[in-house]
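Chains as they are written, first to last, in my numbering: chain A, 15 to 129; chain B, 187 to 296.
Even for Gly, the Cβ is constructed at its ideal location relative to N, Cα and C.
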Amino acid sequence: GAVVSQHPSWVICKSGTSVKIECRSLDFQATTMFWYRQFPKQSLMLMATSNEGSKATYEQGVEKDKFLINHASLTLSTLTVTSAHPEDSSFYICSAREGVRQPQHFGDGTRLSIL
Amino acid sequence: GQNIDQPTEMTATEGAIVQINCTYQTSGFNGLFWYQQHAGEAPTFLSYNVLDGLEEKGRFSSFLSRSKGYSYLLLKELQMKDSASYLCAVSTSSASKIIFGSGTRLSIRP
Chain A
15 GAVVSQHPSW VICKSGTSVK IECRSLDFQA TTMFWYRQFP KQSLMLMATS
65 NEGSKATYEQ GVEKDKFLIN HASLTLSTLT VTSAHPEDSS FYICSAREGV
115 RQPQHFGDGT RLSIL
Chain B
187 GQNIDQPTEM TATEGAIVQI NCTYQTSGFN GLFWYQQHAG EAPTFLSYNV
237 LDGLEEKGRF SSFLSRSKGY SYLLLKELQM KDSASYLCAV STSSASKIIF
287 GSGTRLSIRP
């Protein structure tokens, strides 16, 4: 159980393109979903927390207009990187949890490369 | 402030036992998690401790002392596939999010 699916796995696109990443909880209802980015050999950096039906809470330094998060249902959250540039190239990982004292379960991540 | 400390790197021998320590100072506490992350992959959940004591799950065990702000992950009968980063993470009082440590890169040698 507790499977989180994240798509796509890889994205390579030109600078200025907007990229949408989907995160789905397949066998549980995720009251909260989280979006992280990770640079090589560095730890996970939390970007934002999203609760179903409400606006996402962004961490300090993360641009809301740059990284649009939608959590329209209990099983789906999306992250859109708008007008992506090479410095946005990173490993983006989503996670989801069913309840407050439940562990977060991670998707397989999306490797984003902006040329 | 919020702070989670764990060693940056450790090395151990195949078949041996290794203990990875984690200390934390956070605004409240609602549980501690351990995750394993192989290079280039997403983290996978290993264990969750909310009460003091030892939780055993196969070759892996996790210990928690809330009064000391301390946890460890114990890996027994090490295998080469255990080479990975191990992340200590704490759920804070609001439990709205989990704070991750920087991770411990464990290398297993034959």
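Check: In angstroms, rounded to a whole number, what distance separates the CA positions of alanine 86 of chain A and proline 117 of chain A?
Finding: Within the first sequence, residue 86 of chain A is the residue found at index 72, counting from 1. Within the first sequence, residue 117 of chain A is the residue found at index 103, counting from 1. Rounded to whole angstroms, alanine 86 of chain A to proline 117 of chain A spans 21 Å at the Cα level.
Next item on the list: In angstroms with no decimal places, state the Cα-to-Cα distance between tyrosine 256 of chain B and cysteine 208 of chain B.
Entry: Along the second sequence, one-based indexing puts residue 256 of chain B at 70. Along the second sequence, one-based indexing puts residue 208 of chain B at 22. If you take the alpha carbons of tyrosine 256 of chain B and cysteine 208 of chain B, they lie about 6 Å apart.
Margin query: So threonine 45 of chain A and glycine 113 of chain A are supposed to be a Cβ contact under 8 Å. How far apart are they, rounded?
Written below: As a working mapping, residue 45 of chain A is identified with position 31 in the first sequence. As a working mapping, residue 113 of chain A is identified with position 99 in the first sequence. A Cβ-Cβ distance of about 6 Å is found for the pair threonine 45 of chain A and glycine 113 of chain A, placing them in contact under the 8 Å criterion.
Note to self: So the candidates are A:Cys37, A:Arg111 and A:Gly123; which of them puts its Cα closest to the Cα of serine 103 of chain A?
What the structure shows: Your numbering for residue 103 of chain A matches position 89 in the first sequence. The shortest Cα separation from serine 103 of chain A among A:Cys37, A:Arg111 and A:Gly123 belongs to A:Gly123.
Check: With a cut-off of 8 Å, does the C-beta of serine 57 of chain A fall near any C-beta of chain B?
Finding: Position 43 of the first sequence, counted from the start, is the residue given in the question as residue 57 of chain A. At least one beta carbon of chain B lies nearer than 8 Å to the beta carbon of serine 57 of chain A.
Next item on the list: Classify glutamate 195 of chain B as helix, strand or coil using the three-state DSSP reduction.
Entry: Here the question's residue 195 of chain B lines up with position 9 in the second sequence. In the structure shown, glutamate 195 of chain B sits in a strand (DSSP, three-state: E or B).
Next item on the list: Can you have a look at aspartate 268 of chain B and say buried or exposed, based on whether 16 or more other CB atoms are within 10 angstroms of its CB?
Entry: Stepping through the second sequence from its first residue, residue 268 of chain B is reached at position 82. It counts as buried.
Notebook entry, point to check: In angstroms, rounded to a whole number, what distance separates the CA positions of valine 95 of chain A and arginine 125 of chain A?
Noted result: In the first sequence, counting from the first residue as 1, residue 95 of chain A sits at position 81. In the first sequence, counting from the first residue as 1, residue 125 of chain A sits at position 111. In a straight line, the C-alpha of valine 95 of chain A is about 13 Å away from that of arginine 125 of chain A.
Next item on the list: Return the first residue and the last residue of the beta strand (DSSP E) that glycine 239 of chain B is part of.
Entry: Numbered from 1 along the second sequence, position 53 holds the residue referred to as residue 239 of chain B. Following the DSSP letters along the chain, one finds glycine 239 of chain B inside the beta strand (DSSP E) bounded by residues 239-243.
Margin query: Can you check whether the C-beta of aspartate 79 of chain A is within less than 8 Å of a C-beta belonging to chain B?
Written below: One-based indexing of the first sequence puts residue 79 of chain A at position 65. Answer no: the Cβ-Cβ gap between aspartate 79 of chain A and chain B never drops below 8 Å.
Margin query: Looking at the secondary structure, which residues open and close the beta strand (DSSP E) in which isoleucine 128 of chain A lies?
Written below: Translated into the one-based positions of the first sequence, residue 128 of chain A becomes position 114. Counting along the chain, the unbroken beta strand (DSSP E) around isoleucine 128 of chain A starts and ends at 124-128.
Item checked: Reduced DSSP category for glutamate 200 of chain B - H, G, I as helix; E, B as strand; rest coil -> The count along the second sequence starts at 1 and reaches residue 200 of chain B at position 14. Three-state DSSP puts glutamate 200 of chain B in coil, outside helix and strand.
Note to self: Along the chain, where does the beta strand (DSSP E) containing lysine 28 of chain A start, and where does it finish?
What the structure shows: As a working note, residue 28 of chain A is residue 14 in the first sequence. Annotation: lysine 28 of chain A is outside any beta strand (DSSP E) and is labelled neither H nor E by DSSP.
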